[in-house]
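Some notes on the structure that comes next.
Numbering (this note's numbering), first residue to last: 1280 to 1367.
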């Protein structure tokens, strides 16, 4: 297989795993990082789990625990989170 063909296959594989929700953050300066602790008003199995929030001028991105696997969330976090900002 030629080098060009290998490069094309590599690019296609990489593009297949790309998440369009993240495009707005590519190349942007990171403004802040925080830990978001889930503290719901009602009893909840996930209470106490922590998400990592990345704040950019273009918006907010969180990596949250979905109990069975991590998930990506974009936008403002639900109000049931307690925010713990991290110092630079």
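Using N, Cα and C, we set each Cβ at its ideal position, and we do this for glycine too.
Select from the options the residue whose C-alpha is nearest the C-alpha of residue i.
i: residue 1357; options: 1334, 1316, 1348 and 1366; result: 1316
i: residue 1347; options: 1309, 1325 and 1308; result: 1325
i: residue 1306; options: 1366, 1336, 1349 and 1361; result: 1336
i: residue 1301; options: 1341, 1366 and 1281; result: 1341
Do residue i and residue j have their C-beta atoms closer together than 8 Å?
i: residue 1311; j: residue 1364; result: yes
i: residue 1318; j: residue 1359; result: yes
Could you check the C-alpha separation between residue i and residue j for me, to the nearest Å?
i: residue 1343; j: residue 1330; result: 4 Å
i: residue 1339; j: residue 1345; result: 18 Å
i: residue 1313; j: residue 1334; result: 8 Å
i: residue 1297; j: residue 1351; result: 12 Å
Spell out the partners DSSP gives residue i in its beta bridges.
i: residue 1338; result: 1335
i: residue 1365; result: In DSSP, residue 1365 forms no bridge with anything.
i: residue 1326; result: Answer by DSSP bridge pairing: none, since residue 1326 is not bridged.
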